[in-house]
Each structure stands twice: as structure tokens, then as C-alpha cells.
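The opening residue of the sequence shown carries number 2 in the numbering used here; numbering runs sequentially from there.
Cβ atoms here follow ideal geometry from the backbone N, Cα and C, with glycine treated the same way.
Okay, so here's the structure we're looking at.
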Amino acid sequence: MQNPNPHAVLLASPGMGHFIPAVELGKHLATHHGFDVTIFVVAADASITESPLFKPPQTPNPLNLVLLPPVDVSALVNSTASVVTRLVIMMREALPLLQAAISSMKSCPTALIVDMFGTEALAIAEEFDMLKYVFITSTAWFLAVTVHFPYIDEEAEHKHRVMKRPLDVPGCRSIRHEDTLDLFLDQTDRNLFSGFARIGMEISNADGILVNTWQDLEPSTLRALENEKFLGRVVKASVFPVGPLVRPIGQSSKSEVMDWLDMQPMESVIYVSFGSGGTLSAKQTTELAWGVELSQQRFVWVVRPPVDGDASANFFNVTNSHDGTPSYLPSGFFTRIRNKGMVVLMWASQTEILAHKSIGGFLSHCGWNSTLESMVNGVPMVVWPLYAEQQMNAAMLAEELKVAVRPKIQPNAGVIEREEIAGMVRRVMELKGNEMRDKVKELQRSAHQALMQGGSSYNSLERVSKDCELKLHRLSATALGP
Numbered sequence: 002m003q004n005p006n007p008h009a010v011l012l013a014s015p016g017m018g019h020f021i022p023a024v025e026l027g028k029h030l031a032t033h034h035g036f037d038v039t040i041f042v043v044a045a046d047a048s049i050t051e052s053p054l055f056k057p058p059q060t061p062n063p064l065n066l067v068l069l070p071p072v073d074v075s076a077l078v079n080s081t082a083s084v085v086t087r088l089v090i091m092m093r094e095a096l097p098l099l100q101a102a103i104s105s106m107k108s109c110p111t112a113l114i115v116d117m118f119g120t121e122a123l124a125i126a127e128e129f130d131m132l133k134y135v136f137i138t139s140t141a142w143f144l145a146v147t148v149h150f151p152y153i154d155e156e157a158e159h160k161h162r163v164m165k166r167p168l169d170v171p172g173c174r175s176i177r178h179e180d181t182l183d184l185f186l187d188q189t190d191r192n193l194f195s196g197f198a199r200i201g202m203e204i205s206n207a208d209g210i211l212v213n214t215w216q217d218l219e220p221s222t223l224r225a226l227e228n229e230k231f232l233g234r235v236v237k238a239s240v241f242p243v244g245p246l247v248r249p250i251g252q253s254s255k256s257e258v259m260d261w262l263d264m265q266p267m268e269s270v271i272y273v274s275f276g277s278g279g280t281l282s283a284k285q286t287t288e289l290a291w292g293v294e295l296s297q298q299r300f301v302w303v304v305r306p307p308v309d310g311d312a313s314a315n316f317f318n319v320t321n322s323h324d325g326t327p328s329y330l331p332s333g334f335f336t337r338i339r340n341k342g343m344v345v346l347m348w349a350s351q352t353e354i355l356a357h358k359s360i361g362g363f364l365s366h367c368g369w370n371s372t373l374e375s376m377v378n379g380v381p382m383v384v385w386p387l388y389a390e391q392q393m394n395a396a397m398l399a400e401e402l403k404v405a406v407r408p409k410i411q412p413n414a415g416v417i418e419r420e421e422i423a424g425m426v427r428r429v430m431e432l433k434g435n436e437m438r439d440k441v442k443e444l445q446r447s448a449h450q451a452l453m454q455g456g457s458s459y460n461s462l463e464r465v466s467k468d469c470e471l472k473l474h475r476l477s478a479t480a481l482g483p
């Protein structure tokens, strides 16, 4: 029997950066647009099910979270394979599991929505006569580069990769070599190159592309993606900006961090965190500690043990200081910053922290989830990109949107010294009426309006909903026969 509601199946690739936006998209579809939703999660093991985030959210329509049987790709990739290569292979190995799961459903779903690492699953959508969508959990600018990538000729690639010239993207901001994607810097992995080109082609041929951005944030790039003179000539699909989709603030729970923030003046604290996957070298960790101390600003810093690419990193979690300061931080650091800052080891509730009234800045790796959380809370940033498309995010935030400051050198090109770190922190925190803070508050208002009923992102999802309803009616008519 055909389901009376459109049923969207979402496929989330490994990593919280893909899982969280998939859940938020599913919640919006189920809460505001009349969908039943099933989210299939691919992971290397079952540990994600222990996360409180894996609990199915309460929505008017059903929203089910299903962990596909974990896939082990250790025999298929070598230890030096890139994260992108590993993700693509994991998703490929999960395809039979997804196919079996969809095949066992009582009625066929209306649409399959995958992220960029799951585009090979779009063939399964065709097999079951489902609409096929790709959800880009990054910027429209990153989407533009991805769909343009298969059409970059050898001369343009050589100029960008070897001669370090900017890469032109039709109708969009060019990418400087220092802000480019990791795959342009890797001279050895041609499989990564060809795989990324395949992904770009598969995205372009979907029925629709959803992007975790909003119309007023990237208007010129979104226009270029649909303009036949620019990228519209290669992108066959409609582009739907549906963001900012971020995790909402949970029920307020008492914690040492939140209690400390409650006692601080408004917008007086900078939050320092590099996300769940970001690590620094031992030397850079030391310089960062001195930098936030020298800035003389209040701070909350989520610290992870440094990684220098050698076995000694495993020994960094010992403490050797009388005040409990870990050995990878300057001796006596905890004592000196006792009244100014708070150090949290490994993890903190970022959503709640960024929403706190005392937070006035965010020093971040500028992964897109973290960036969106900063903008929806009206918090300016010190951007410290580490990998993937984070260099592009940093350039957009600092130079185009002007809501952030960035170091003079790329963090992966050398050590950023304490004096520069202190200066960047002060620049964000001390000028209360500065243009940067005003601009990010404007973006905060714009983001809120985009998601409201009648807003640009709400209307984008409503268009997706209408397309799925039409598909559902056609399927129902076919099932009933003449």
C-alpha cells in the first residue's frame, strides 16, 4: 500500500559533520513539510548509537534513524589513503545494505537524499523509481567548485596546481592557491582527482541539489549555479538553498562551563574549539595557549592532546604540573588563567556555549557546521582552517562576508605565533561596536528570516515537497491502473 505522505530516505556518510545536517534536514522535512523520514547512517562501527544525538527527535510525522551494519574497509584502503577516499569506499561498500533496506520497506519511498560522498547510491533511487537529491553540507561556493571540477582543463589545472594561479569558477569568486582544496595540493593521488570528478558529474545530474546555505548569504554564487552563461549549463538539477540547518539548543543542563559563563559579562568570552576532528601540533598548541593568555581576554578553550604525526603523541595526556596543567600546555597555565579562562578537555556542548549571552567571539577551524552555528548566534570569528574546504570557508568569512579575521599565514604552512594570536583575539573581542560584529548580527537576522514560514529556505524545501507530492501522486495513479 502506498504511503499517503511523501517518504524521504536520507543517507548520511560517516562523521558528525554529515550526520548532524542530515538529522536537521530530516526534522525540517517531517515537521514543516509533511514528510515521513528515514535516515540511514553509514559508520565504521556502532559507537555513534551511544551518542545522545542518535536519539530520534520528536516530530509530527515519523522520523526513524537506522544504523546500517558497520562496514570495514581496512582491507580495501591503505593507511595513507585520504579521508575522502576512505569515505567514498565506505559508502560504496554500504550500497548493497541500503538497497536491501529499501527493498524490504512496505511501500517504496518517494525520494532518496544523499550527501556528496553517497552519490553512487543515486543509481539505487533510479532502480526504485525514486526522485534523487544531493544534500551539500557546505557552501554554495564549494558546490560550484565541485560541479565545475570535471570540466577543468589540463592547462587551468596546471596553472592552479603548479604555477599557483587562482582557479576561475564561472560566475563565482576565484579560488586563490593558498585557499584551495586539499586535492589540488596532493600531487600523487590521481584516484582522488578522478573520484572527485565523478562526484561532480553525479551531483549535476540529480533531480535537485539541496545546499546548507541561504539565499542572502551567497546570492551571486547561487545565481551562477542556475545561469546558463555560467554553471547552469552543466548543472541539470535545480539548486535549493535550505539552510542554515544547525542543531537547536537543547534543554539547559547545569555544567561547570555554563555556570562559569553565567558569571561573565555580556559578549566578553571567546570560545576556542577546532571541532571533533581538528588537532594541532605540540608547538602550535603551546603558542595558542600563550596567545589566548597574552590577549588578556576571557576564554573557554576545548583542548585536545596535540598530534605531531609520531608515536609520542600518545603520551601527551599525562599531567606534570603542580596545578594539573597537562604537559602539552605551558607550565602553570591553569594557575595564571584561573580568573580569566576555562579549559575543557576533549569535548564541550558547543551549541549551548555559542548561544550563551557572554560569548563574544569564536576561534574555530571553520568547518561549515561550526561556522553556521556561529553566524546564527551572531558571533564573529577568528578563523583557523585545518583541512578539506575550510580554507575556502575562511576566505569567504574574512574577505567576502567580513565577519572574521584570519592569520597572515595558513595554519598548515607554519606555526602561528602567540603575538599574532593575541592580536586576532583582541581585534574580535575589544571593538564592541565594530563593523564585523554588526555584519554578523545582520547575518543572524537574515538566517532566522530564511527559515521562517515564507522565508527563502522554507520556500526552497516547500518546492522540494511539491515535487515529491507530484511524484507520489503519479506513483499512486500508476499503482491503481487505468
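Quiz item: In three-state terms, what does DSSP make of Asn206?
Solution: Here residue 206 refers to the residue found at position 205 when the sequence shown is read from its first residue. Three-state result, Asn206: coil.
Quiz prompt | C-alpha gap between Leu54 and Ile21, whole angstroms | solution = Residue numbering aside, residue 54 sits at position 53 when the sequence shown is read from its first letter. Residue numbering aside, residue 21 sits at position 20 when the sequence shown is read from its first letter. Using only the alpha carbons, I get a separation of about 8 Å.
Practice problem: Assign Val163 to buried or exposed, taking buried as 16 or more other Cβ atoms, counted over all protein chains shown, within 10 Å of its Cβ. | Solution: Within the sequence shown, numbered from 1, the residue matching residue 163 stands at position 162. Under this definition Val163 is an exposed residue.
Self-check item: Best match in Leu64, Ala102, His149 and Ala478 for proximity to Lys237 [C-alpha to C-alpha]
Solution: Stepping through the sequence shown from its first residue, residue 237 is reached at position 236. Ranking Leu64, Ala102, His149 and Ala478 by Cα distance to Lys237 puts His149 first.
Quiz prompt | First and last residue of the uninterrupted beta strand (DSSP E) at Leu96 | solution = Walking along the sequence shown from the start, residue 96 turns up at place 95. That residue, Leu96, is in no beta strand (DSSP E); its alpha helix (DSSP H) goes Leu96 to Ser104.
Quiz item: Which same chain residues, not among the five before or five after Ala478, have their C-beta less than 8 Å away from its C-beta?
Solution: Residue numbering aside, residue 478 sits at position 477 when the sequence shown is read from its first letter. So the list is empty, once near-sequence residues are dropped.
Quiz prompt | Within 9 Å, strictly: CB atoms of Leu246 and Ala141 | solution = Position 245 of the sequence shown, counted from the start, is the residue given in the question as residue 246. Position 140 of the sequence shown, counted from the start, is the residue given in the question as residue 141. Not closer than 9 Å, so no.
Practice problem: Go ahead and label Trp369 buried or exposed: buried means 16 or more other beta carbons lie within 10 angstroms of its beta carbon, across all protein chains shown. | Solution: Sequence index remark: in the sequence shown, residue 369 carries index 368 (1-based). Buried, since its Cβ has 16 or more Cβ neighbours within 10 Å.
Self-check item: At least 3 beta-carbon pairs within less than 8 Å: the segment 32-46 vs the segment 62-72
Solution: yes
Quiz item: So, do the segment 124-136 and the segment 365-384 have three or more beta carbon pairs nearer to each other than 8 Å?
Solution: no
Exercise. Mind listing, in chain order, the continuous alpha helix (DSSP H) runs of no fewer than 4 residues lying wholly within the segment 208-262?
Key: 220-227
Quiz item: In three-state terms, what does DSSP make of Phe185?
Solution: The residue you call residue 185 lines up with position 184 of the sequence shown. In the structure shown, Phe185 sits in a helix (DSSP, three-state: H, G or I).
Quiz item: Hey, Val416 and Glu294: beta-carbon distance below 9 Å or not?
Solution: As a position in the sequence shown, residue 416 is number 415, starting the count at 1. As a position in the sequence shown, residue 294 is number 293, starting the count at 1. No, they are not a contact pair.
Quiz item: Does the beta-carbon distance from Leu123 to Asn206 come in below 9 Å?
Solution: Taking the sequence shown and counting its residues from 1, one reaches residue 123 at position 122. Taking the sequence shown and counting its residues from 1, one reaches residue 206 at position 205. Yes.
Quiz item: Alpha carbon to alpha carbon, what distance is there between Tyr272 and Glu443?
Solution: By 1-based counting over the sequence shown, the position of residue 443 is 442. By 1-based counting over the sequence shown, the position of residue 272 is 271. Those two C-alpha atoms are separated by around 21 Å.
Self-check item: Exposure label - Asn340; buried when at least 16 CB within 10 Å
Solution: Start at 1 with the first residue of the sequence shown, and residue 340 comes out as number 339. Answer is exposed; the Cβ neighbour count stays below 16.
Practice problem: In angstroms with no decimal places, state the Cα-to-Cα distance between Pro7 and Thr138. | Solution: Within the sequence shown, numbered from 1, the residue matching residue 7 stands at position 6. Within the sequence shown, numbered from 1, the residue matching residue 138 stands at position 137. Computed Cα separation, rounded: 23 Å.
Quiz item: Under three-state DSSP, which class holds Ala405?
Solution: Counted from its first residue, the sequence shown places residue 405 at position 404. Three-state result, Ala405: strand.
Exercise. Rounded to whole angstroms, what's the CA-CA distance from Gln216 to Thr326? Just pull it up for me.
Key: Looking up residue 216 in the sequence shown gives position 215. Looking up residue 326 in the sequence shown gives position 325. Approximately 46 Å between the Cα atoms of the pair.
Quiz prompt | N-terminal and C-terminal residue of the alpha helix (DSSP H) that Asn370 is part of | solution = Taking the sequence shown and counting its residues from 1, the one referred to as residue 370 is at position 369. Residues Trp369 to Val377.
Quiz item: Would you call Met264 buried or exposed, if buried means 16 or more other Cβ atoms sit within 10 Å of its Cβ?
Solution: Sequence index remark: in the sequence shown, residue 264 carries index 263 (1-based). Classification of Met264: exposed, given that the 10 Å Cβ count is below 16.
Quiz item: Under 9 Å, do Gly172 and Leu232 count as touching if we go by C-beta distance?
Solution: Here residue 172 refers to the residue found at position 171 when the sequence shown is read from its first residue. Here residue 232 refers to the residue found at position 231 when the sequence shown is read from its first residue. Taking 9 Å as the Cβ cut-off, Gly172 and Leu232 qualify as a contacting pair.
Self-check item: Counted within 10 angstroms of its Cβ, other Cβ atoms place Met92 as buried (16 or more) or exposed
Solution: Here residue 92 is taken as the residue at index 91 of the sequence shown, counted from 1. When all chains shown are included, Met92 counts as buried.
Quiz item: To the nearest angstrom, how far is it from the Cα of Tyr1 to the Cα of Ala405?
Solution: Outside the shown range of the chain, which is 2 to 483, sits residue 1, and nothing can be said about it.
Quiz item: So which of Tyr152, Met259 and Ala389 has the shortest CA-CA distance to Ala349?
Solution: Looking up residue 349 in the sequence shown gives position 348. Residue Met259 is the option with its Cα nearest to Ala349.
Quiz item: Counting pairs of Cβ atoms below 8 Å between the segment 23-36 and the segment 459-469, do you hit three or more?
Solution: yes
Practice problem: Would you mind giving the Cβ-Cβ distance between Ala390 and Phe143, rounded to the nearest angstrom? I have them listed as a contact below 8 Å. | Solution: Here the question's residue 390 lines up with position 389 in the sequence shown. Here the question's residue 143 lines up with position 142 in the sequence shown. Reading off the sequence, residue 390 comes out as Glu, not Ala. With 8 Å as the limit, Glu390 and Phe143 qualify as a contact, their Cβ atoms being about 5 Å apart.
Quiz item: Among the residues of its own chain, which have a CB less than 6 Å from the CB of Val243, if the five just before and after it don't count?
Solution: Residue 243 sits at position 242 when you count from the first residue of the sequence shown. For Val243, where only same-chain residues beyond five positions count, the Cβ hits under 6 Å are Leu211, Ser458, Ser461 and Leu462.
Exercise. Could you work out which residue in Arg438, Pro71 and Gly424 is closest to Gln297 when comparing CA atoms only?
Key: Here residue 297 refers to the residue found at position 296 when the sequence shown is read from its first residue. The residue with the shortest Cα to Cα distance from Gln297 is Gly424.
Practice problem: Put Trp484 into one of helix, strand or coil per three-state DSSP. | Solution: Outside the modelled stretch of the chain, which goes from 2 to 483, sits residue 484, for which no answer is possible.
Quiz item: Using the C-alpha atoms, what's the distance from Pro408 back to Glu421?
Solution: Here residue 421 is taken as the residue at index 420 of the sequence shown, counted from 1. Here residue 408 is taken as the residue at index 407 of the sequence shown, counted from 1. When rounded, the distance between both Cα atoms is 7 Å.
Quiz prompt | Identity of the residue in Ile153, Met106, Lys160 and Val377 nearest Val170 by Cα | solution = Numbered from its first residue, the sequence shown carries residue 170 at position 169. The residue with the shortest Cα to Cα distance from Val170 is Ile153.
Quiz item: How is the alpha helix (DSSP H) around Trp486 delimited, first residue to last?
Solution: The requested residue 486 does not occur in the structure, where the chain is confined to residues 2 to 483.
Quiz prompt | C-alpha gap between Val78 and His19, whole angstroms | solution = Here residue 78 is taken as the residue at index 77 of the sequence shown, counted from 1. Here residue 19 is taken as the residue at index 18 of the sequence shown, counted from 1. Their Cα atoms are separated by approximately 21 Å.
Self-check item: Arg248 burial status per 10 Å Cβ neighbour count (16 or more: buried)
Solution: Locating residue 248 in the sequence shown gives position 247, counting from the first residue. Under this definition Arg248 is a buried residue.
Self-check item: Limits of the beta strand (DSSP E) - the one that Leu66 falls within
Solution: As a position in the sequence shown, residue 66 is number 65, starting the count at 1. Leu64 to Leu68 is the span of the beta strand (DSSP E), which, as asked, contains Leu66.
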